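A.B. asks:
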Amino acid sequence: MAVIDVRKLRMLAALQRLGTVAAVADELRLSAPGVSTQLTALEKELGLQLTQRQGRRVTLTPAGNVLAAHGHDILDRISLAERELEALRAGTAGFYTVTAFPSAARTIIADACRRILGDDGSALELRITTSEPEDALDALSSGAVHLAVIHSYSNVPRDIPRGITTRTIGTEPVWLATRSPQDRDGARSSTRLEDYADHPWVSATDDVTCFDMVERACGLAGFTPRIVAESMDFSVQLHLVAAGVGVALAPELTIEHVPDGVELVRPDPPIERTLFLAARTPSFADAGIQNLADIIENSAAAQLAARHQQHQRLR
């Protein structure tokens, strides 16, 4: 079976479209005799007559018209492939799976998606999942996801598995949520964690790092927290604080709304949560992941700045 020379097929398709050998030669910046020679060679390679002379013009035979029609489709596909390859090299195309812990997914990843969808020049496609950092790192190691947003508390260091590289994208404060001053005869909430040793506490469930953060913070303040309510939903935690159930520690990104009756203060000693992008080490060389990481980092900076300004006004 003869292999079709794409360069010669391009000339045949151009002849069908333009009508004359001279026009083909002009478009492809070749000589007219050179084009005629290449078309003759294509006929010999395929064993078919593709062109015929009509007076002073060269036209296509029925076989030539069939092959030229296929040529248009093939060349369009090649052109599309070339554009997509260029986009892949530039990191503006590709399909990637991203996982993030819920408060980062709701804020940072949602904002990154808006930026990508609003960019007419981007052909990035994302599949988004939510998972706690421990599960996210497992998914990275197994190859189930390409990129993960994870966190680490200043009082609970996180071990990163071999083969995973991280990139810091921001730091957020952890707030102490208590009853507001008007519910306590106008007195400001204490910032000293040891002053809450006798208070009941509201916390995340005991299978996640957020729970460890609360236990470690209270332990460093000299007491074991008496946890009376657990929820992975920080808005539930804050509403329980407003109801007088207990006090809580909440990272900034988890706070969508501060209920009436809740005051946010910075605990003493302060606690911070650092946000990271994580990927398998070789993956950070991928242009698409590099571009996606830059978009997510910009979204993190914008979201953290907006949240910090909002909560500063509420204090």
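Numbering (my numbering), first residue to last: 2 to 316.
Here a beta-carbon is modelled for each residue, glycine too, at the ideal position from N, C-alpha and C.
Here the structure is a predicted model, which means the values were calculated and not measured.
#1: Over what stretch of residues does the beta strand (DSSP E) that includes L250 continue unbroken?
#2: For A243, report the span of its alpha helix (DSSP H) as first-last.
#3: Assuming contact is defined by CB atoms lying nearer than 8 Å, are T131 and F102 in contact in what I supplied?
#4: List in chain order: all unbroken alpha helix (DSSP H) runs of 4+ residues lying wholly within the segment 26–106.
#5: Could you tell me the distance, in whole angstroms, from the CA atom of V215 to the CA atom of R227?
#6: Given this structure, state the Cα-to-Cα distance separating V22 from R168, to the nearest angstrom.
#7: Which residues share a DSSP beta bridge with R180?
#8: Helix, strand or coil for R189 per DSSP?
#9: List the residues that DSSP assigns as beta-bridge partners of T130.
#10: Identify the continuous beta strand (DSSP E) that holds R281 and give its terminal residues.
#11: Could you have a look at H147 and say whether DSSP puts it in helix, strand or coil?
#12: Return the residue from the list D208, T179, C114, G164 that minimises the CA-CA distance to P201.
C.D. replies: Looking at the atomic coordinates:
#1: Boundaries of the beta strand (DSSP E) harbouring L250: 249–252, taken from the DSSP string.
#2: That run of the alpha helix (DSSP H) goes 235–243.
#3: Yes, Cβ-Cβ distance for T131 and F102 is below 8 Å.
#4: As far as the segment 26–106 is concerned, its whole alpha helix (DSSP H) runs of at least 4 residues are 33–47, 63–91.
#5: Spanning the alpha carbons of V215 and R227 requires a straight line of approximately 11 Å.
#6: Going from the Cα of V22 to the Cα of R168 covers about 58 Å.
#7: Its beta-bridge partners are V263.
#8: Of the three classes helix, strand and coil, the one that applies to R189 here is coil, per DSSP.
#9: Answer is T100.
#10: Residues 273–281.
#11: In this structure, H147 counts as coil in the three-state DSSP scheme.
#12: Looking at the Cα atoms, T179 is the closest of the given residues.
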